[in-house]
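Note that the numbering used here gives residue 144 to position 119 of the sequence shown, counting from 1, and the numbers run on in steps of one. Glycine included, every Cβ here is placed at the ideal spot set by N, Cα and C. Keep in mind it's a predicted model, so treat the numbers as computed, not measured. Input: a single structure, listed below in structure tokens.
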Amino acid sequence: MSPQSNGSGTAAQAPSPQVAAAYQYCEAVTGSQAKNFSYGIRLLPAPKRRAMSAIYALARRIDDIGDGGWSDERKFEELGRTRALLDEIREGTVEPEDTDPVKVALAHACSLFPIPLDCFDELIDGMEMDVRGARYATFDELRHYCRCVAGTIGMLSLSVFGCTDPKRGAEYADTLGLALQLTNILRDVREDAGNGRIYLPAEDLAAYGCEPEGFGLAVPPPGQDFRGLILFEARRAQGYFDEGLRLLPMLDRRSRACVGAMAGIYHRVLERIIAEPEAVLRGRVSLPGWEKAYVALSGLVGGRSS
26 MSPQSNGSGT AAQAPSPQVA AAYQYCEAVT GSQAKNFSYG IRLLPAPKRR
76 AMSAIYALAR RIDDIGDGGW SDERKFEELG RTRALLDEIR EGTVEPEDTD
126 PVKVALAHAC SLFPIPLDCF DELIDGMEMD VRGARYATFD ELRHYCRCVA
176 GTIGMLSLSV FGCTDPKRGA EYADTLGLAL QLTNILRDVR EDAGNGRIYL
226 PAEDLAAYGC EPEGFGLAVP PPGQDFRGLI LFEARRAQGY FDEGLRLLPM
276 LDRRSRACVG AMAGIYHRVL ERIIAEPEAV LRGRVSLPGW EKAYVALSGL
326 VGGRSS
């Protein structure tokens, strides 16, 4: 077979039929489940797009374990099996004929890109925090959780994109992941509260006189400044966006468009939260599909995504 570029300046053989089928499975998972994520990776060249789909598919599996209906004991068992899967990839023992397409696709992607598999272990650490029902007394504790579940995705993505300044790029990717996760927490605050999960730091709730039970109410109880709390956290996320988006000039054009699209969609959600903080108590704040597509296209043609 003739070699093809993997999008990072090196050549690689076209994947075998078994590996191609595994990638197709991961791309189908990404297209049907990723929502915001899929708008960005569509802008990448095929090898990078396939690798990102494999990364997403495993991250999604980890997330689904944590959010699924199994007992906590079963969730910890499944997360342990996922750690074993990562060990198989590290050891180079995954065969193209393996029956797990996510494992096959990710193993192949690791042969093309320097994907830091330890980041998946950190992601599992974060999911185990969710299973245990962890709450966060301080913002530093929440930031550690956010780095486990979102900063790791930034590092995994950067390994596929490549970067002109890897050290600074890693710092910005981590910060951008923090901004995205904080936005995600604010967007889902009512839904998470209904599932018994409170992510915002206890020190911040206390500062605004808020009780966790108030997140489940469309109208905040008297004397509890949920509007001020949400606005404070949203402005904090905005600061991390401003810092993290410094990553963009360090990426090639299509990777920059990909990151710009994903970040732009979340940034628009954050802007809506800042404009109307009380909206998150009524339900999830989101963008219509046409607006997400517009943000993605704007990033590709070089326009501002937000």
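When DSSP assignments are scanned along the segment 34-58, the uninterrupted stretches of beta strand (DSSP E) that are 3 or more residues long and fall wholly within it turn out to be 36-38.
Under the DSSP assignment, Met-77 falls in the alpha helix (DSSP H) whose first and last residues are 71-92. Sequence-distant Cβ neighbours of Val-294 in its own chain, meaning closer than 8 angstroms and more than five residues away, are Thr-208, Arg-212, Val-310, Ser-311 and Leu-312. Beta-carbon to beta-carbon, Glu-147 and Cys-173 are separated by about 5 angstroms, close enough to satisfy the 8 angstroms threshold. Closest in alpha carbon position to Leu-68, among Pro-302, Glu-258 and Met-287, is Met-287.
Using a C-beta cut-off of 8 angstroms, the segment 149-160 makes no contact with the segment 186-198, since fewer than three inter-stretch Cβ pairs fall below that distance.
The C-beta distance from Thr-177 to Pro-226 rounds to 21 angstroms, too long to fall under 8 angstroms, and the pair is not in contact. Three or more Cβ pairs closer than 8 angstroms define a contact, and the segment 180-190 falls short of that threshold against the segment 237-257. Around the C-beta of Arg-99, fewer than 16 other C-beta atoms lie within 10 Å, and the residue is accordingly described as exposed. Ranked by Cα distance from Thr-55, the options Arg-75, Asp-150 and Ser-41 are led by Arg-75. Asp-88 has its alpha-carbon roughly 24 angstroms from the corresponding atom of Gly-285. In the structure shown, Pro-302 adopts helical secondary structure according to DSSP, grouped into three states. The beta-carbon separation of Tyr-64 and Lys-317, rounded to 5 angstroms, stays under the 8 angstroms limit for a contact. Beyond the five residues adjoining it in sequence on each side, Tyr-48 comes within less than 6 angstroms, by CB distance, of Arg-75 and Ala-130 in the same chain, given in chain order. At a Cβ-Cβ threshold of 7 angstroms, Val-44 and His-169 do not count as neighbours.
By the criterion of a C-beta distance shorter than 7 angstroms, Arg-279 is surrounded in its chain by Leu-68, Leu-69 and Pro-70, once the five residues flanking it on both sides are discounted. Counting only runs of 4 or more residues that sit fully inside the segment 149-211, the alpha helix (DSSP H) segments are 164-171 and 177-186, in chain order. The continuous alpha helix (DSSP H) containing Ile-255 extends over residues 251-269. Here the C-alpha atom of Ala-259 lies approximately 15 angstroms from the C-alpha atom of Arg-215.
Contact annotation: Ile-210 and Tyr-224 have beta-carbon atoms nearer than 7 angstroms. In the three-state DSSP reduction, Leu-276 falls in the coil class, being neither helix nor strand. Cβ neighbours of Glu-268 within its own chain (closer than 6 angstroms, five residues either side excluded): Thr-200.
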